[in-house]
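Protein chains in written order, with our numbering: chain U, 49 to 410; chain V, 49 to 410; chain W, 49 to 410; chain S, 49 to 410.
Heads up, the beta-carbon is just placed ideally off N, CA and C, and yes, glycines get one too.
Being a predicted model, the structure only gives us computed values, none of them experimental.
There are 4 protein chains.
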Amino acid sequence: MPDADVPSDIEIIKQRKKDGIDIPLQKDVQARTTSTYLEYVKLVHNALPELDYDDIDLSTRFLGHRFSAPLIIDSMTGGTDEATVINGRLGELAEKYGLGMGLGSQRAGLKSEELASTYSVARKNAPNAFLIANIGGAQLAKGLSVDDARKIVKMIRANALVVHLNPLQELVQPEGEPRYKGVHAKIVELVKSMDVPVIVKEVGAGISREVAIKLEMAGASAINVAGAGGTSWAGVEKLRADMVKDRKKARLGEMFWDWGMPTAASLIETRKAVKLPLVASGGLRNGLEVAKCIALGASMAAMAYPFLKAAAQSREALFEFADSVLAELRSTMFLVGAANVRALASSRYILTGALAQEVSRA
Amino acid sequence: MPDADVPSDIEIIKQRKKDGIDIPLQKDVQARTTSTYLEYVKLVHNALPELDYDDIDLSTRFLGHRFSAPLIIDSMTGGTDEATVINGRLGELAEKYGLGMGLGSQRAGLKSEELASTYSVARKNAPNAFLIANIGGAQLAKGLSVDDARKIVKMIRANALVVHLNPLQELVQPEGEPRYKGVHAKIVELVKSMDVPVIVKEVGAGISREVAIKLEMAGASAINVAGAGGTSWAGVEKLRADMVKDRKKARLGEMFWDWGMPTAASLIETRKAVKLPLVASGGLRNGLEVAKCIALGASMAAMAYPFLKAAAQSREALFEFADSVLAELRSTMFLVGAANVRALASSRYILTGALAQEVSRA
Amino acid sequence: MPDADVPSDIEIIKQRKKDGIDIPLQKDVQARTTSTYLEYVKLVHNALPELDYDDIDLSTRFLGHRFSAPLIIDSMTGGTDEATVINGRLGELAEKYGLGMGLGSQRAGLKSEELASTYSVARKNAPNAFLIANIGGAQLAKGLSVDDARKIVKMIRANALVVHLNPLQELVQPEGEPRYKGVHAKIVELVKSMDVPVIVKEVGAGISREVAIKLEMAGASAINVAGAGGTSWAGVEKLRADMVKDRKKARLGEMFWDWGMPTAASLIETRKAVKLPLVASGGLRNGLEVAKCIALGASMAAMAYPFLKAAAQSREALFEFADSVLAELRSTMFLVGAANVRALASSRYILTGALAQEVSRA
Amino acid sequence: MPDADVPSDIEIIKQRKKDGIDIPLQKDVQARTTSTYLEYVKLVHNALPELDYDDIDLSTRFLGHRFSAPLIIDSMTGGTDEATVINGRLGELAEKYGLGMGLGSQRAGLKSEELASTYSVARKNAPNAFLIANIGGAQLAKGLSVDDARKIVKMIRANALVVHLNPLQELVQPEGEPRYKGVHAKIVELVKSMDVPVIVKEVGAGISREVAIKLEMAGASAINVAGAGGTSWAGVEKLRADMVKDRKKARLGEMFWDWGMPTAASLIETRKAVKLPLVASGGLRNGLEVAKCIALGASMAAMAYPFLKAAAQSREALFEFADSVLAELRSTMFLVGAANVRALASSRYILTGALAQEVSRA
Ligand SMILES: Cc1cc2nc3c(=O)[nH]c(=O)nc-3n(C[C@H](O)[C@H](O)[C@H](O)COP(=O)(O)O)c2cc1C
Ligand SMILES: Cc1cc2nc3c(=O)[nH]c(=O)nc-3n(C[C@H](O)[C@H](O)[C@H](O)COP(=O)(O)O)c2cc1C
Ligand SMILES: Cc1cc2nc3c(=O)[nH]c(=O)nc-3n(C[C@H](O)[C@H](O)[C@H](O)COP(=O)(O)O)c2cc1C
Ligand SMILES: Cc1cc2nc3c(=O)[nH]c(=O)nc-3n(C[C@H](O)[C@H](O)[C@H](O)COP(=O)(O)O)c2cc1C
């Protein structure tokens, strides 16, 4: 659960962290009237692929690290017992499969050793994987210090630090404080002070070209667009507002449930605007969509909800899901005749429907 | 109810004025096969808004007056007991919230003191608000004098005078007289003679660029586009025609129910054609749509039916509705990173679907 | 019923002529998967029409004749008792309302005086109206002489002669003979020899720009595009094929039921291609659609099926239908601010949807 | 059934060949969410066709051979008893109607005389028809020699040899081996060594412009685009995977069921990219669609599934189906005024909807 500003009491934090897992798992908080727009992206069939399926190389480099596949388990959880189990499983997967893995917002982990261990379990299980620490942009503005950020990185011996931007969640969250003044300055400061690369991400409403340019100038190492079409944090907080009978917030959550730039649209306009490596996230659900994102210019693709769902079920379900995604990605690469990720990245694609229309005007 | 030419007997006028409130409230006379096209306007999410929600400034200037928000309660009613209650509540809201407020067509108010008070109640409750007097363009052509207009303004100590154009209503109304010859000349005359600014508005069929240019040249101070997609006056009069068994008029009402330029289309083409300040109206239903209209170039946004519905229910319902609209507007501004109305006005937007197609050809 | 080549026996002709009225009246043979595309044409609302409804002048000139409105009862019937009644009523309407009127294919009328009278009844009832004689292009090619054409014109003292082109009907008709070699040459010959203007028309599949150019060079005086979207003659003949158990023809009728250029598309491309006056027909059903056709560049609009339906019901129904159409046309002119047909012809329109897309590529 | 690499045991081959006929016939393995896009191609009605239906000449030349119509029974079957019956009937049709006919992948025919006869029955019944031998591109890469190819041609005294490309089928097929390395080189070698022209075809996922250019440079004599919109081989193999409970393959089959370039899209982009004669195939179902493909630039049109369905029913059903297709083709030519195939090829067409959008961006 991205980290909105809340009362610091540990039990409250634990409950909120629990909601942040339970609601996505037990209710439907996926996009309703929008989509990722990835269905409007067509890759081109190659009838003569000139390669063997088994020779296809999924490995790639991102931020100086080698990955077995261009896939990241997107930032999700920590802070509860359930999270410990999930982060443990996800860590195991990241290690075995050579994937990247993000942790959930770690401010909670600063409160106690016990809470910290709900995050660091991932590193325990994944001594060599690329792990990504996580803090909220809003928290930075509200006083989280560079030192705190260092502790957070250290907590999991992270290879990179994500700053998540979640203005929509802050707006709808019953306890939310929609304050974003000073976030930009803090990112600039953070970038200068950290030893690991800083990635800036959204949590499901996308990054526009204007924001991408600001982040590039701020010195970020990469951007995760995390666009609309998948998990809706307006949706999650809408349901939490219902639970606490906050009708105003619930109404806002309803209205902005599908707010944001669809992932494919965000990816395309961001790709044109900046040179930074990009991570595509928000509503990706299979390996074909991963392939489309790489073709559109992402260096890596990330998923949150599908990994959560599988990990919450069982270790087996998680590994099987990852197997599927990688098989689908490899299959797509076979069908477009791309022997490796670099070739996939330069594959021809066709934009159709609403995406084609909107992008041509953008 | 806009003012079509009718027998002058006070009881008849009262009944028509009553119909004009009761039909919109009790039947569905909203657009059926068209919409405002505002659903085709997308504002761009700003993941890094660099502002605090509470610092957002909704205030704005329009026609030399300061408003707490770019919102007008559009011209509606007067002339009946029910209207007195509604105008009283709306006046109270305008005063407390610093909004603009239009009155219904006031020709009836010239007939008697009793009728006049159904309008002036608004001023009683809103000593400082920006109130807008209202007369029909067709009535001007049929002999309503500049002096009458002055009386109408005086009746509510109005800050501006609206001339409404309603050729479609005149056409469908059982007692209607579709005569528009001379209206333009009368507007020119009126503009020269009045001490308050003259705004010209439609009542739900929109203003085209050709008409906007004529109005600018005639010296109007502002235009309210009042386009299609909300309350349909062809619809209202169609139902009235049914009641008096006027089959021909009913058939016309049916055929032209959704006639007119969708609000967003009218706003965009009018914005390109003239420099005048514009009011967006016609089918706006929440603060997100208000924000879209400001981004498209409107100085103010106005709503009629939703304010009527809430006011007819209770004072509380009315204030709660206004609260929602303002919270939605402020939320949207937060999400696009606009600290004030001027910033909102220069926000990027994306046109999609039918609107994009029609506008690019216009 | 357009005139495909058939056994000359009078009883057979009578039966076919009867089918040609009865099937459209009793079964649904209107377009199914296409439309006229007129729903994609938007006229622009004029909030300031500067005219009075009652002053609107519907009269117009076409081929040197003055009409009270730009409306023609399109070519339909003759040859049966029922046709006599219908042609009588239509003639009366044309006379009283100053409309044009086409007769059905008159080759049958050459066979006997009795048959001739089923056509000439129109002239009896309409001594002054613009009546249009009718022969089939295919019949010309198969030997109908210039002399026959003269007799046909004389039969109703016609003001113009229509040659109808119906290759699709000939193709599907059980007794049809799809032979069009020589039709063009015959039209050239006819044009040279006739004393009245020669109009060439389709019967529901439209005229392309290539054909329009050929007709202009052949010397035709006007073209009636009669496009797809209304009565389908493939549909009529499909049902007749069902009746005689001709499965092959029935299958063809099914496949080509909606073949052809939608009326609006045909009108637009023909208008760009030639200078000839154009008649719009095919699927027009009300006065709003008539107005759209005039705005798109037609000199006159024509309807067949709706006049047939009304005339078959009663004289009153027919006149009431005509009243509606004219009221709707006048209303539309009021709403776009067109005081007369010439002004309507130069009104702005907006092309949308499939029509906009197809026309921009044409 | 296209020829994926399988255990060589004759009984197993027979079963797979049987599946390859039975599944398409008994289950629905046609395209589900895509189409050929031929519904987006409109031919232009010619109201003045200047020709007689009976004079229309359907004959054409392709690869030096004269055909009575531009129609090929696309490559399908062999290797089973049922196939013998079907190939016998199809051969008879090809002979009597002057059509082309492809055989199914003939590698099986190399195994035994008995299997060979399931193919050669076609030549027995069609001594003069243009018969097309068939081998899989993947088989070439896996060692099928030029000598084998010569035997395959000889087996049916073929007029041409097709190499089919089926990477998607290989990917989904439970026993499939998705290996395409070396296929291109083998095609180059084959082209140099064969005495008959070599045609390269897909089996339902289409040929892109990049592949078309490679094939032209490789020296292929023609390309059969065989695009998406008809029989889906991902679909066939998905059902076979279900039968053997291979869940992974079944999931892949599900995901890629509609993968590929729609036939019309593939045809248009391939036509622009190369000068080679093209065969249009994939989802064609009637003579109107055949005509559209010719207008889009194909030299010949081919169908597989519809011929299989009719042939499996009876000799009569097969001939009747062919009659329909030819009548529909001839009818379309009449309606666009094309006296022969060359004229049809230069007929105007209008691209609409998704096809227009995608092609304009391609
Ligand atoms: C249960 C859950 C918790 C999340 N918590 C965080 C978080 O703490 N920090 C963060 O940056 N993003 C968080 N996210 C957002 C995801 O990283 C991701 O950007 C977003 O969910 C879109 O991806 P999806 O549609 O695949 O879920 C969370 C998402 C989920 C589903
Ligand atoms: C009950 C009612 C009465 C109205 N009466 C008037 C009027 O007297 N004068 C006028 O200019 N507009 C009148 N209008 C039109 C509105 O001002 C507004 O332009 C139109 O209804 C479109 O806005 P909406 O969709 O928000 O209702 C009336 C609207 C309503 C709903
Ligand atoms: C009953 C009926 C009979 C017709 N007969 C003829 C005819 O004899 N000659 C002709 O040129 N067109 C004939 N038509 C075609 C019409 O003139 C017109 O072009 C066509 O029906 C499209 O118009 P609609 O959709 O308004 O019916 C006939 C149409 C109908 C409905
Ligand atoms: C039953 C069946 C068997 C097929 N077998 C082969 C084959 O052996 N070789 C080949 O090149 N294509 C084969 N195909 C593919 C067809 O030739 C054709 O390209 C494809 O089915 C698309 O056409 P359709 O939609 O008309 O079926 C087969 C198709 C069917 C339906």
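Proximity test, residue i beta-carbon vs ligand 4 heavy atom, cut-off 7 Å
{"i": "M49(S)", "result": "yes"}
{"i": "K323(W)", "result": "no"}
Straight-line gap, residue i to residue j (C-alpha atoms, nearest Å)
{"i": "V21(U)", "j": "P118(V)", "result": "Residue 21(U) falls outside the range modelled here, since chain U spans only 49 to 410, and no answer is possible."}
{"i": "I261(W)", "j": "A289(W)", "result": "34 Å"}
{"i": "T279(W)", "j": "G68(W)", "result": "11 Å"}
{"i": "L192(U)", "j": "A268(U)", "result": "18 Å"}
{"i": "S394(S)", "j": "L326(S)", "result": "15 Å"}
{"i": "R363(U)", "j": "D70(S)", "result": "40 Å"}
{"i": "T128(S)", "j": "N207(S)", "result": "23 Å"}
{"i": "V273(W)", "j": "V384(W)", "result": "25 Å"}
{"i": "T125(S)", "j": "S314(S)", "result": "25 Å"}
Under 8 Å between C-beta atoms of residue i and residue j
{"i": "D105(U)", "j": "A387(U)", "result": "yes"}
{"i": "L158(W)", "j": "D196(W)", "result": "yes"}
{"i": "K357(V)", "j": "D100(W)", "result": "no"}
{"i": "Q217(W)", "j": "V251(W)", "result": "yes"}
{"i": "A360(S)", "j": "L73(S)", "result": "yes"}
{"i": "V389(V)", "j": "N334(V)", "result": "no"}
C-beta neighbour in chain U for residue i, strict 8 Å
{"i": "E406(S)", "result": "yes"}
{"i": "Y228(S)", "result": "yes"}
{"i": "I398(V)", "result": "yes"}
{"i": "E376(V)", "result": "yes"}
Cβ-heavy atom distance, residue i to ligand 3, below 7 Å
{"i": "P354(W)", "result": "yes"}
Closer than 8 Å to chain V by CB, residue i
{"i": "P50(U)", "result": "no"}
{"i": "R299(U)", "result": "yes"}
beta-carbon residue i near ligand 2 non-hydrogen atom, thresh 7 Å
{"i": "H93(W)", "result": "no"}
{"i": "T318(V)", "result": "no"}
{"i": "V251(V)", "result": "yes"}
C-beta neighbour in chain S for residue i, strict 8 Å
{"i": "V322(W)", "result": "no"}
{"i": "M265(W)", "result": "no"}
{"i": "V231(W)", "result": "yes"}
{"i": "Y101(U)", "result": "yes"}
Closer than 7 Å: residue i CB and nearest ligand 1 heavy atom
{"i": "T125(U)", "result": "yes"}
{"i": "A274(U)", "result": "yes"}
{"i": "D76(U)", "result": "no"}
is_contact[residue i, chain W] using C-beta, thresh 8 Å
{"i": "S329(S)", "result": "no"}
{"i": "I255(V)", "result": "yes"}
{"i": "L383(S)", "result": "yes"}
Q: For the stretch 183 to 269 of chain U, list the beta strand (DSSP E) runs that are entirely contained and at least 3 residues long, ordered along the chain.
A: 208 to 212, 246 to 249
Q: Could I get the ranges of all uninterrupted alpha helix (DSSP H) runs contained in the stretch 291 to 330 of chain U, with 4 residues as the minimum, in chain order?
A: 295 to 303, 311 to 321
Q: Quick one: which unbroken alpha helix (DSSP H) runs of 4-plus residues sit fully inside the stretch 107 to 150 of chain W? Chain order, please.
A: 129 to 145
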